[in-house]
Structure formats: C-alpha cells, structure tokens
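Note that the protein sequences, when read in sequence, are chains V and B. Sequential numbering of the first sequence, starting at 0, is according to numbering that gives the first Met the number 0. Sequential numbering of the second sequence, starting at 0, is according to numbering that gives the first Met the number 0. C-beta: ideal position from N, C-alpha, C; glycine also.
2 protein chains.
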Amino acid sequence: MKRVKVVDALVSTDYGKNITVMGWVRSHRSSKAVDFIALNDGSTIKNIQVVVSPEVMDAEQLKSITTGACIRATGTLVESQGAGQSVEVQAQEIEIYGLCPSDYPMQKKGQSFEYMRQYAHMRLRTNTFGAVFRIRHNMAIAVHRYFHEHGFYYFHTPIITASDAEGAGEMFQVTTLDLDRVAKSGTVEYEKDFFGKKTSLTVSGQLEGELGATALGAVYTFGPTFRAENSNTPRHLAEFWMIEPEVAFMEQEELMDLEEDFIKYCVNWALTNCKDDLEFLNNMIDKSLIETLESVVKESFVRLTYTEGIKILEEAVKAGRKFEFPVKGWGMDLSSEHERYLV
Amino acid sequence: MKRVKVVDALVSTDYGKNITVMGWVRSHRSSKAVDFIALNDGSTIKNIQVVVSPEVMDAEQLKSITTGACIRATGTLVESQGAGQSVEVQAQEIEIYGLCPSDYPMQKKGQSFEYMRQYAHMRLRTNTFGAVFRIRHNMAIAVHRYFHEHGFYYFHTPIITASDAEGAGEMFQVTTLDLDRVAKSGTVEYEKDFFGKKTSLTVSGQLEGELGATALGAVYTFGPTFRAENSNTPRHLAEFWMIEPEVAFMEQEELMDLEEDFIKYCVNWALTNCKDDLEFLNNMIDKSLIETLESVVKESFVRLTYTEGIKILEEAVKAGRKFEFPVKGWGMDLSSEHERYLV
Chain V
0 MKRVKVVDAL
10 VSTDYGKNIT
20 VMGWVRSHRS
30 SKAVDFIALN
40 DGSTIKNIQV
50 VVSPEVMDAE
60 QLKSITTGAC
70 IRATGTLVES
80 QGAGQSVEVQ
90 AQEIEIYGLC
100 PSDYPMQKKG
110 QSFEYMRQYA
120 HMRLRTNTFG
130 AVFRIRHNMA
140 IAVHRYFHEH
150 GFYYFHTPII
160 TASDAEGAGE
170 MFQVTTLDLD
180 RVAKSGTVEY
190 EKDFFGKKTS
200 LTVSGQLEGE
210 LGATALGAVY
220 TFGPTFRAEN
230 SNTPRHLAEF
240 WMIEPEVAFM
250 EQEELMDLEE
260 DFIKYCVNWA
270 LTNCKDDLEF
280 LNNMIDKSLI
290 ETLESVVKES
300 FVRLTYTEGI
310 KILEEAVKAG
320 RKFEFPVKGW
330 GMDLSSEHER
340 YLV
Chain B
0 MKRVKVVDAL
10 VSTDYGKNIT
20 VMGWVRSHRS
30 SKAVDFIALN
40 DGSTIKNIQV
50 VVSPEVMDAE
60 QLKSITTGAC
70 IRATGTLVES
80 QGAGQSVEVQ
90 AQEIEIYGLC
100 PSDYPMQKKG
110 QSFEYMRQYA
120 HMRLRTNTFG
130 AVFRIRHNMA
140 IAVHRYFHEH
150 GFYYFHTPII
160 TASDAEGAGE
170 MFQVTTLDLD
180 RVAKSGTVEY
190 EKDFFGKKTS
200 LTVSGQLEGE
210 LGATALGAVY
220 TFGPTFRAEN
230 SNTPRHLAEF
240 WMIEPEVAFM
250 EQEELMDLEE
260 DFIKYCVNWA
270 LTNCKDDLEF
280 LNNMIDKSLI
290 ETLESVVKES
300 FVRLTYTEGI
310 KILEEAVKAG
320 RKFEFPVKGW
330 GMDLSSEHER
340 YLV
C-alpha cells in the first residue's frame, strides 16, 4: 500500500480508510489494553499516534519497538479520542525496519544544545533541529520565489577564487599541492598548483554579481561563503550561505523599498508556511518569537540618515545609556550594539 | 519617471504613453531622417528599438552613443513599423550614463566562444551568455519549486569537510596554514590548521543528505561541489553545482517515477518560461535543441535492467557498432558512450 506522509495523514478526514505510515518512533507507552506509538517521519513536527492492540503483534516484539526505532504501520485512520491530535491509526499490521538500542542518544525530551552537538548526525531527528531545518528550507524557497517574481536572475558566483573581494575577511586557501612535499622540498611552487596560482574560498560574490547586474539587469547570489577569522563569537561562522542582490539602474529609495519588501515577504512566508514549527520554537526557545515576527511584517521600517542615527546614539549616551563600544560621533563605524539600539 | 524593464515594455500596448527605459546599446544605425538604437537591459534577449530624431540631441553627442554605451531613453511608446518587433520608443530625451570606446570587445556579432573566454567579465552581455544564464536561473527555480511541491526539504550540506564521500573524486585541500611557513619549517602541523585536522572541499553532500533524509524524510542538496582531477574533458569541471535528492521509504519504482517526473518538469519549465532564449540557441547553436527538449517531455522513459542494457550493447557490437571503450559483457561499468547509445 502506498505510504501516506504524516503531514498529509494528520489533515485527512477519510475516517475508516486503511492507510500506511512509515517513520521513526518518538515514544512508546503501554496501557492495560493497548500500546500507543508516537510516529514521526520528518514531514512535520507533529507525530501521528499509532494504537496497537495485543492481537496485532507478539508482545515481546512490540516491546522491542522503542524510541528511535523505524517502522511501518498499516491500519485504519480514525478520529482521535485524545486531546491535541485530530486522527490516529488503529494498527492492523506493524513491520519493523530497524530497532534502536536503549542507549540511542536522542531520547524523548529536553537535551541541551551542547549535548546534541556531540551527536550532529542524530540531532536532526529532534523537534528543535527538525523545526530549524524545515524553516531554513522555507526561507530558501521564499528567497528564490521573491527574487524570481521580481525579475532577478539567480547567479552562481565562483567559490574558488583568486580575488579577495576588497578584503572582506580572512580567507581559506585552496590547493592541490601536497603539503608534505612542500614541507620536504622547502618551496611553494604555485605554478604547480591546480590553477597555477594561489587561490582561496570566496568571501563574497559581489564582484562577479556586479558584472552579472550590468549584463542581466538584476541578479542575486545565494551560496556558501567563507571566513577564516579565528573567532568564536555567536556572529561568526567559518562557512555560511549568503544572499547578495545586485541591481543596475536602481535609486537608493527603490533599494530601501526592495529591502523592506524582501524581508517582510520572507517573514510572512515563515508565518504562513511554518506555523507548527514556529509555535514549537515559540513555546520552547523564545516566547516572543512569533510576536516579533508579526511586528516585522506589520510595522513600516523607519528610514533615517547616518547623521540622524549618530545623533540618536549621542543623545542616548547623554541620557545615560552605556555601550560597550564608545559612540565617537559622526564618522564612526556602527557596531552591532549600536545598530540594535537604533532598531 | 519610473523605469520600465524592456521585457515589460515589449508586451505593453499602452501606445502613446510616455515611458523610460534604461540599458546598454546593442547597435546604433543612422538613416537620413532618424537614428535607431537597439537597447538591451538583460531582462530579455530582445532589444527595444529607440528612435531618435535630430532635434532630441546634439548630432555629435548622438554619434558618440555606440555599442556598449549605457543610456536612459524617455519617450513615447508606439506600435513598431519595423518587422520583428511589437513596439518602439520615440525618444524625447536621451541621457548618457556611460560611453563605450570603439575597442569594446563585445561588438555586435558572431564572436567565437574562445574569443569571448578572454573577456569573461564582458561576455555576460552577449546574447548567448545572457540566454544561458537566464535559462540556468530558470532551471534552478524549477528545481526548487519541484522539490518544494513534492515535500522535499532543501538541505545545505558542508562544503569544507574532513570526509571523502566514498572516494568520489580527487579533492582540493582547504587550509589556513601559511604554506611559506610550512616550506620553511619542514613540517605540516595540522593541529594548528583551522579545524585542527586535514580538510578538503566536498565531492558530494550524499553522506549528510542521508542523515537529513532519515530525519526529515526527504531532502535535496543543490550546491557547489568540487573535483580536483587534472582532467580537461568537456565533462569535467573543478567546480559545479550538483543536485542530490535523498529520500527515506522509497521503492525503486517510485524512485524512477520521481526521476522521470523531475526531468520532465524542469524541461517543461524551460520550454514554457525560456521560449525566447531557447529559440535563440536553437537558431544559433543547435537546430535540434527545441525538438529534443519537446521529445523529452512527450516520450515515456524506457526502463530496463542492467542485464537488458548489456544485452542491447552486445547485440550492437555484433551488428558492427564500434565503441571507444570495449563492451566486456555483464559486470562491466558503462561509459558515457554506452549510456548515450542506450538512450
């Protein structure tokens, strides 16, 4: 029987129909009469409840289906009796694809991020990482849809480059030279390297993006970017995906319109398409998350000049506001705490 | 006045209305009474014709607007008298943003790919590269739409990696070690490298993709991938963008359905959304292009086993077909010429 994804099964109203779901067990509990298996297949943060009566399966076998196990359940879709779920599956047949030992690291609840970090290959199966990756997917889709609908062309700029993009950051070197041989020979022969010269990982696609914009009119990049600074701040990543639009014939006012419209489009996409995942993160990680996102969509963005921004910061300092980096007045670069204060 | 993109102006029927177009001059010719400027802004392969009467502009200045120049033209949108174009702009005002010397390398017609290769920063402004990049954009959009509509999550796998993905190919090394210092010191101290070990550019996101699929159910990667083989065949690229779907709970027959449906969706997207660009490439590069693409969408893909494929190849050899790589019979790897023959 064709498998139904959990995300589709949960909104089905074909009560009495036989369906097949497949996934990984999130929890398994036994009552006197029946067993309840919460099954997740990654298509949604929500689980579907599979109800198993004793006659369906050998008791020992049924007991072996613990958190993390991978199974198929075929049975009747029925309206759920329990709270918080619309439907459940009254199992007629359970097939075990793989069991999971009791030391499976992603047990049901409440692991810390630090703990999960040790199991990078497993943490994707948790609610938190599942939510983050489904939202990340949706944000990428929103980015592509927005730019496509606005006449921008997606432009793949080089990852390996011999340009340093205006010194935007420290770079990783890319080479096919054998380092052991370099150490032995005592010389670096770049003429023997893959590209015949020193090359690095890109810190920005901007330079090529500008060439694209002055040919195709409007382009955007959305690809991996690299920084080799030995920095461990929460804002630093060695490897991250960056979006860089480049447009010909655009005035500053239009650019600000584009930026505001783009951000609102993406946030609105998340609110519309990632409701369950956002609600989970709102409950578990940040109680103000959805409220903040909704305000981004609703409010008009304030536009002010650099000069006005400096003035506001200077007035804040006068009124007693402390900043880690001093407000030095007109001509200074703004640090992120200054930008956050202005926002 | 707000700029109108050429792609929109060309389908407008607001005859008599004033519009502003901006772009780069593809050609400029003078007749006795008026001048004709073919203007392109990258939004489409088609140019819009700007008709300039002597009273609009100083004759010397007008003459200076040669191929490659960047201008704004404001004027009346009128139905075109000429063949092959729907509308033209009767200029009332021309503003020159930038002139272009007569040694501008992308003159109007017929440069070879080898010639254009020398001007990688300029060739994006040609019809051929414009068409290729607009189609490439549309293919990326089709890929994302297809997988999104089919419940796959876009999954960014690591670019810098310490894994060699089953030895899929030669790898570029990524390092922050100072190679001159390595040569001087005579040792490679990986413990001082950025990640404390030897790292390379990924040859495949498959390993991480499989982890994603067994958590989110269905994922796809679409990102840059690298091969360091010192190979100069037309099929080899040091850096390219690769698509890798990974799905849990999928049978072989469903996988083949997915592959066929995906390819047809993308090709159909190109035929629907890239008509002008495909027609240009069909006329200039490959007269069978559109016919081939249409047949991909129309025909059902033949499905056969490896054993059947080998049999067909062996029969072809018997019938006198020559292959560069010998057909060694069951157990052999197929080379691309064998695959092409089967298709």
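Integer-rounded CB distance, given that residue j should sit under 8 Å from residue i
i	j	result
Ala214/B	Arg320/V	Not really, about 44 Å apart at Cβ, beyond 8 Å.
Gln172/V	Lys197/V	7 Å
Glu273/V	Ile134/V	Residue identity check: residue 273/V is Cys in the sequence provided, not Glu. About 5 Å separates the two Cβ atoms, so the contact holds.
Arg344/V	Leu38/V	Nothing in the structure corresponds to residue 344/V, since chain V is present only between 0 and 342.
Phe146/V	Pro244/V	7 Å
Gly222/V	His155/V	6 Å
Thr43/V	Val6/V	4 Å
Tyr340/V	Ala318/V	Actually they do not touch by this definition, with Cβ atoms about 12 Å apart.
Cys265/V	Val77/V	With 8 Å as the limit, Cys265/V and Val77/V do not qualify as a contact, their Cβ atoms being about 39 Å apart.
Tyr152/V	Ala217/V	7 Å
Selection from the options that minimises the alpha carbon distance to residue i
i	options	result
Pro345/B	Val266/V, Met255/V, Phe239/V	Residue 345/B cannot be examined here, being either before or after the span of chain B that is shown, 0 to 342.
Glu298/V	Asp34/V, Asp260/V, Thr127/V, Pro325/V	Asp260/V
Val51/B	Glu290/B, Asn17/B, Thr73/B	Thr73/B
Met170/B	Asp192/V, Glu169/V, Gly150/V	Asp192/V
Glu228/V	Glu209/V, Tyr103/V, Val202/V, Leu206/V	Val202/V
Pro233/V	Gly41/V, Gln80/V, Met105/V, Ser335/V	Ser335/V
Gly328/B	Ile309/B, Glu338/B, Val342/B	Ile309/B
Val296/B	Gln60/B, Ala269/B, Lys274/B	Ala269/B
Val131/B	Glu92/B, Glu59/B, Gly41/B	Gly41/B
Glu338/V	Val316/V, Gly330/V, Leu312/V	Leu312/V
Tyr103/B	Met115/B, Glu188/B, Thr43/B, Gly15/B	Met115/B
Arg302/B	Thr66/B, Leu254/B, Ile289/B, Lys108/B	Leu254/B
Val88/V	Leu236/V, Tyr14/V, Gln251/V	Tyr14/V
Gln60/B	Glu307/B, Tyr96/B, Ser79/B, Gln80/B	Tyr96/B
Cys69/B	Trp23/B, Val33/B, Ala32/B	Trp23/B
Val33/B	Gln91/B, Lys16/B, Ser85/B, Ile44/B	Gln91/B
Val86/B	Ile18/B, Phe324/B, Leu200/B, His136/B	Ile18/B
Asn46/V	Lys31/V, Met56/V, Leu9/V	Leu9/V
Cys99/V	Ala217/V, Thr66/V, Gly208/V, Phe225/V	Thr66/V
Arg144/B	His136/V, Leu76/V, Met241/V	His136/V
Residue i in three-state terms, based on DSSP
i	result
Pro244/B	strand
Ala130/B	helix
Ile158/V	coil
Glu169/V	coil
Glu314/V	helix
Pro223/V	strand
Tyr153/V	strand
Phe239/B	strand
Arg2/B	strand
Ile47/B	strand
Val142/V	helix
Residue i - containing alpha helix (DSSP H), residue span
i	result
Gln106/B	Note, Gln106/B: premise wrong, no alpha helix (DSSP H); not H, not E.
Arg71/B	Arg71/B -> not in any alpha helix (DSSP H); beta strand (DSSP E) instead, spanning 69-78.
Ile289/V	288-297
Gly208/B	205-215
Gln343/B	Chain B is shown from 0 up to 342; residue 343/B falls before or after that span and cannot be answered.
Thr198/V	That residue, Thr198/V, is in no alpha helix (DSSP H); its beta strand (DSSP E) goes 198-200.
Glu301/B	The identity of residue 301/B in the sequence shown is Val, whereas the question assumes Glu. Premise fails: Val301/B is in no alpha helix (DSSP H) and is neither H nor E.
Val6/B	5-8
Distance cut-off 7 Å: residue i Cβ against heavy atoms of the ligand PLP
i	result
Asn46/V	Within the structure as shown, the ligand PLP is missing, as the structure has no ligands at all.
Residue interval of the beta strand (DSSP E) (run including residue i)
i	result
Glu259/B	Unbroken run through Glu259/B is the alpha helix (DSSP H), 251-272; no beta strand (DSSP E).
Ile95/B	86-97
Met21/B	17-29
Ile36/V	34-39
Val173/B	172-174
is_contact[residue i, chain A] using C-beta, thresh 8 Å
i	result
Tyr153/B	The chain labelled as chain A is not found among the protein chains of the depicted structure, namely V and B.
field: Residues within the stretch 167-190 of chain V neighbouring chain B, beta-carbon criterion of under 8 Å
entry: Answer in chain order: Glu169, Phe171, Gln172, Val173, Thr174, Thr175, Leu176, Leu178, Asp179, Val181, Ala182, Lys183, Ser184, Gly185, Thr186, Val187.
- prompt: Using Cβ-Cβ distances below 8 Å, what residues of the stretch 269-286 of chain V are close to chain B?
  reply: Those would be none; no residue qualifies.
- request: Mind checking the stretch 108-128 of chain B against chain V and listing, in chain order, the residues whose C-beta falls within less than 7 Å of any C-beta there?
  value: His120, Leu123, Arg124
- prompt: Between the stretch 12-42 of chain V and chain B, which residues of the former have CB atoms less than 8 Å from a CB of the latter, in chain order?
  reply: Met21, Gly22, Trp23, Asp40, Gly41, Ser42
- request: Please name the residues in the stretch 132-149 of chain V whose beta-carbon is closer than 7 Å to at least one beta-carbon of chain B, in chain order.
  value: Phe132, Arg133, His136, Ala139, Ile140, His143, His147
task: Output, in sequence order along the chain, the residues in the stretch 208-227 of chain V whose CB is closer than 7 Å to any CB in chain B.
output: From the stretch 208-227 of chain V, only Leu210, Gly211, Ala214, Leu215, Gly216, Gly222, Pro223, Ala227 have a Cβ closer than 7 Å to chain B.
field: Contacting positions in the stretch 235-246 of chain B - beta carbon closer than 8 Å to chain V
entry: Taking 8 Å as the upper bound on Cβ-Cβ separation, chain V lies near residues Ala237, Glu238, Trp240 of the stretch 235-246 of chain B.
Contact residues within the stretch 311-337 of chain B, judged by C-beta distance below 8 Å to chain V: none
query: Got a sec: which bits of the stretch 44-75 of chain V sit with their beta carbon under 7 Å from any beta carbon on chain B, in order along the chain?
result: Considering only beta carbons, no part of the stretch 44-75 of chain V lies closer than 7 Å to chain B.
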